[in-house]
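Participant:
In the UniProt record's numbering, the protein residues as written are 1 to 488.
#1: Would you call residue 490 buried or exposed, if buried means 16 or more other Cβ atoms sit within 10 Å of its Cβ?
#2: Would DSSP call residue 241 helix, strand or coil?
#3: Check for me: the alpha helix (DSSP H) holding residue 334 runs from which residue to which?
#4: Hey, residue 228 and residue 303: beta-carbon distance below 8 angstroms or not?
#5: Under 8 angstroms: do the stretch 229 to 247 and the stretch 175 to 194 share three or more Cβ pairs, one atom per stretch?
#6: For residue 435, I'd like the list of residues in its chain whose CB is within less than 7 angstroms of its CB, leaving aside the five on either flank, ordered along the chain.
#7: Please state whether DSSP places residue 184 in a helix, a strand or coil.
#8: Nearest CA to the CA of residue 256: which residue from 395, 399 and 127?
#9: Check the C-beta distance from residue 346 over to residue 237 and give it rounded, since I have them as a contact under 8 angstroms.
#10: Please say whether residue 276 and residue 377 have beta carbons closer to each other than 8 angstroms?
#11: Report the option in 361, 464, 262 and 124 whose CA atom is closest to the CA atom of residue 336.
#12: Measure from the alpha carbon of residue 297 to the alpha carbon of each residue in 453, 67 and 356, then state which is nearest.
#13: Is it the case that the stretch 312 to 328 contacts the stretch 446 to 459, given that we only count it when at least three CB pairs across the two stretches are under 8 angstroms?
#14: Assign residue 447 to one of two classes, buried (16 or more other C-beta atoms within 10 Å of its C-beta) or exposed (fewer than that).
#15: Straight-line CA distance for residue 145 to residue 95?
#16: Helix, strand or coil, according to DSSP, for residue 66 in the structure here?
#17: What would DSSP say about residue 55, mapped onto helix, strand or coil?
#18: I'd like the list of long-range same chain contacts for residue 284, defined as Cβ closer than 6 angstroms, with 5 residues on each side in sequence excluded.
#19: Going along the chain, which residues of its own chain have a beta-carbon closer than 6 angstroms to the beta-carbon of residue 74, five neighbours each way excluded?
#20: Given residue 136, which residues of its chain have a CB within under 6 angstroms of its CB, disregarding the five upstream and five downstream residues?
#21: Sort 189, 185 and 133 by Cα distance to residue 165 and report the nearest one.
#22: Using 8 angstroms as the threshold, is the stretch 76 to 85 in touch with the stretch 38 to 46, meaning 3 or more CB pairs across them?
#23: Going by DSSP, which residues form a beta bridge with residue 31?
#24: Once the 5 residues before and after residue 320 are set aside, which same chain residues still bring their CB inside 7 angstroms of it?
#25: For the alpha helix (DSSP H) holding residue 153, just list the boundary residues, first then last.
#26: Give the secondary structure of residue 254 by DSSP, where H, G and I count as helix, E and B as strand, and everything else as coil.
#27: Where does residue 445 land, buried or exposed, given buried means 16+ other C-beta within 10 angstroms?
#28: With 16 as the cutoff for other CB atoms within 10 Å, does residue 148 come out buried or exposed?
#29: Provide the residue span of the alpha helix (DSSP H) that contains residue 287, from first to last.
#30: Determine the extent of the alpha helix (DSSP H) in which residue 127 is found, giving its start and end residues.
#31: Tell me the residue span of the alpha helix (DSSP H) that contains residue 224.
#32: Thinking C-beta only, is residue 389 closer than 8 angstroms to residue 333?
#33: Which one of 423, 104 and 253 has the shortest CA to CA distance from residue 123?
#34: Please work out which residues of its chain come closer than 8 angstroms, Cβ to Cβ, to residue 21, disregarding the five sequence neighbours upstream and downstream, and give them in chain order.
#35: Which class does residue 24 belong to by DSSP, given the choice of helix, strand or coil?
#36: Tell me which residue opens and which closes the alpha helix (DSSP H) that residue 315 is part of.
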């Protein structure tokens, strides 16, 4: 082992703590341990993120190793993940009272954070692939938590799609190990230009397969079907992090493969760039259409994730600094907004047992704080100022119009606009019926059902963040621009 050993602590702490948590039967002690573990994890991530440290844990061969490194991408994703993981955990402490086996849930919930931080800190392709597979295996129990037949079927679908997608990534790894100078991540890529001469189309095919494979976790067509199946059956806090955070695991891998192994210059102007852009636009439109038609609340939100995460892939595949900025802003604002929406859905299920959209008429009268947060998140996803979602979509549109992808730029902006209208249709209809149920609604039967502080405080913090960073996005923009300045 060589390098800064402090880097290993935030990777192994949640894994060890999660195992211990699984054996704590006392609810208060378990909740306290979960909170302290994730809070300490966040502090550790913030501490190591202040430096540029590296750590090699194990050398398998001279080209294959488990190694970690801190750079801008690692900082951005790791801090975002830990903050949201902590808030969703606080929400879960109340929500899991009406679910079976909460100790098992929190065990895998905390252990999953270990895989995510390992993925963020990965210094090379081997470590990234190992962390990606570990993330899938540790989040699988969250999907099948209820152990009902539909949950098990959904979990197996999630596992099957994820392993297949990871297999495409592994296939690409074999080629990259041959055609790259090193599989260590380096801004601008590490392709050996002498070796790839005459094999450009082969390498572009490899890139396309890897983008599709890792795009599976991000819900990109054609490997998106696991997402709307898994989300409705998982406990709502698990749905929130699956949608808002786990999908970003695929995004991390796409970023590393595109900008740190192949390099933007190699992909720019190629058929592979066009193909992935087309797939992302198909996903954006298809996800919005399916969400618009869906009657089950959590499934509607899942289809929304299918659409919204592909905004990120679209921005990345523009291969421009502005598009990259819009993509990473969308990562943060989607993660926050979608966690709000799924946690709001969880609060509604917890207090009223409603799972269908048609059952939410008048819900704003009974749960005004929850539905107020739902409204803020909806405004952000549509892209209405001053919410954060407006900022990311503005940069995505500007990045498209300033790119060299030709007609796809105009088509892309048009689809973004259509998707925004569809998003307004399937989210604002819930808000309108919730707060303005009409004259036929029995107002005398309204009972206040607002959840307790463990549920409302995380929702309020996330909602404030959406508005604050929508009004003051400069700190995020500057940080992202520093990353793109190194890549481009």
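The C-beta atom is built at its ideal place from N, Cα and C for all residues, glycine as well. In this text, all values refer to a predicted model and were calculated from it rather than measured experimentally.
Facilitator: The structure says:
#1: This structure leaves residue 490 out entirely; the chain is present only between 1 and 488.
#2: Here residue 241 refers to the residue found at position 241 of the chain shown. Note: residue 241 maps to helix in three-state DSSP.
#3: Within the chain shown, residue 334 is the residue found at index 334, counting from 1. Segment 321 to 352, the alpha helix (DSSP H) holding residue 334.
#4: Locating residue 228 in the chain shown gives position 228, where the first residue counts as 1. Locating residue 303 in the chain shown gives position 303, where the first residue counts as 1. Pairing residue 228 with residue 303 gives a Cβ-Cβ distance under 8 angstroms.
#5: no
#6: Taking the chain shown and counting its residues from 1, one reaches residue 435 at position 435. Answer for residue 435: 364 and 371, listed in chain order.
#7: Translated into positions along the chain shown, residue 184 becomes position 184. Residue state, collapsed to three classes: strand.
#8: Within the chain shown, the letter at position 256 stands for residue 256. Among 395, 399 and 127, the Cα nearest to that of residue 256 belongs to 127.
#9: Within the chain shown, numbered from 1, the residue matching residue 346 stands at position 346. Within the chain shown, numbered from 1, the residue matching residue 237 stands at position 237. At roughly 6 angstroms, the Cβ-Cβ gap stays under 8 angstroms, so residue 346 and residue 237 are in contact.
#10: Within the chain shown, the letter at position 377 stands for residue 377. Within the chain shown, the letter at position 276 stands for residue 276. No, they are not a contact pair.
#11: Walking along the chain shown from the start, residue 336 turns up at place 336. Of the listed residues, the one whose Cα sits closest to residue 336 is 464.
#12: Translated into positions along the chain shown, residue 297 becomes position 297. Among 453, 67 and 356, the Cα nearest to that of residue 297 is on 356.
#13: no
#14: If you number the chain shown from 1, residue 447 lands on position 447. Residue 447 comes out exposed.
#15: Taking the chain shown and counting its residues from 1, the one referred to as residue 145 is at position 145. Taking the chain shown and counting its residues from 1, the one referred to as residue 95 is at position 95. Distance between the alpha carbons of residue 145 and residue 95: 14 angstroms.
#16: Your numbering for residue 66 matches position 66 in the chain shown. DSSP places residue 66 in strand when its eight states are reduced to three.
#17: Counting from one through the chain shown, the residue named residue 55 turns up at place 55. The answer is strand: DSSP assigns residue 55 an E or B state.
#18: Here residue 284 is taken as the residue at index 284 of the chain shown, counted from 1. For residue 284, where only same-chain residues beyond five positions count, the Cβ hits under 6 angstroms are 307, 310, 415 and 419.
#19: The count along the chain shown starts at 1 and reaches residue 74 at position 74. Counting only Cβ-Cβ distances below 6 angstroms, and skipping sequence neighbours, we find 120 and 121.
#20: Residue mapping note: residue 136 aligns to position 136 of the chain shown, counting from 1. Cβ neighbours of residue 136 beyond the five flanking positions: 162.
#21: Translated into positions along the chain shown, residue 165 becomes position 165. Among 189, 185 and 133, the Cα nearest to that of residue 165 is on 133.
#22: yes
#23: The residue given as residue 31 occupies position 31 in the chain shown. Its beta-bridge partners do not exist; DSSP assigns none.
#24: Here residue 320 corresponds to residue number 320 of the chain shown, with the count starting at 1. Only 399, 402 and 403 meet the Cβ criterion.
#25: Walking along the chain shown from the start, residue 153 turns up at place 153. Here the alpha helix (DSSP H) through residue 153 covers 149 to 179.
#26: Along the chain shown, read from residue 1 onward, the residue named residue 254 stands at position 254. The answer is helix: DSSP assigns residue 254 an H, G or I state.
#27: As a first step, residue 445 must be located in the chain shown, where it is residue number 445. It is exposed - the Cβ of residue 445 has fewer than 16 other Cβ atoms within 10 Å.
#28: Within the chain shown, the letter at position 148 stands for residue 148. By the neighbour-count rule (16 or more Cβ atoms within 10 Å), residue 148 is not buried but exposed.
#29: If you number the chain shown from 1, residue 287 lands on position 287. Run containing residue 287: 271 to 293, per the alpha helix (DSSP H) assignment.
#30: Within the chain shown, numbered from 1, the residue matching residue 127 stands at position 127. Run containing residue 127: 125 to 143, per the alpha helix (DSSP H) assignment.
#31: The residue labelled residue 224 in the question sits at position 224 within the chain shown. That residue, residue 224, is in no alpha helix (DSSP H); it is neither H nor E in DSSP.
#32: Here residue 333 is taken as the residue at index 333 of the chain shown, counted from 1. Here residue 389 is taken as the residue at index 389 of the chain shown, counted from 1. Inclusion of residue 333 and residue 389 in the CB contact set at 8 angstroms is warranted, their separation being smaller than that value.
#33: Along the chain shown, read from residue 1 onward, the residue named residue 123 stands at position 123. The alpha carbon of residue 123 has as its nearest neighbour, out of 423, 104 and 253, the alpha carbon of 253.
#34: Sequence index remark: in the chain shown, residue 21 carries index 21 (1-based). Here the set comprises 30, 33, 34, 37, 103, 106, 107 and 110.
#35: For the purposes of this step, residue 24 is identified with residue 24 of the chain shown, where counting begins at 1. Three-state result, residue 24: coil.
#36: For the purposes of this step, residue 315 is identified with residue 315 of the chain shown, where counting begins at 1. Taken as a continuous stretch (DSSP letters only), the alpha helix (DSSP H) holding residue 315 covers 297 to 317.
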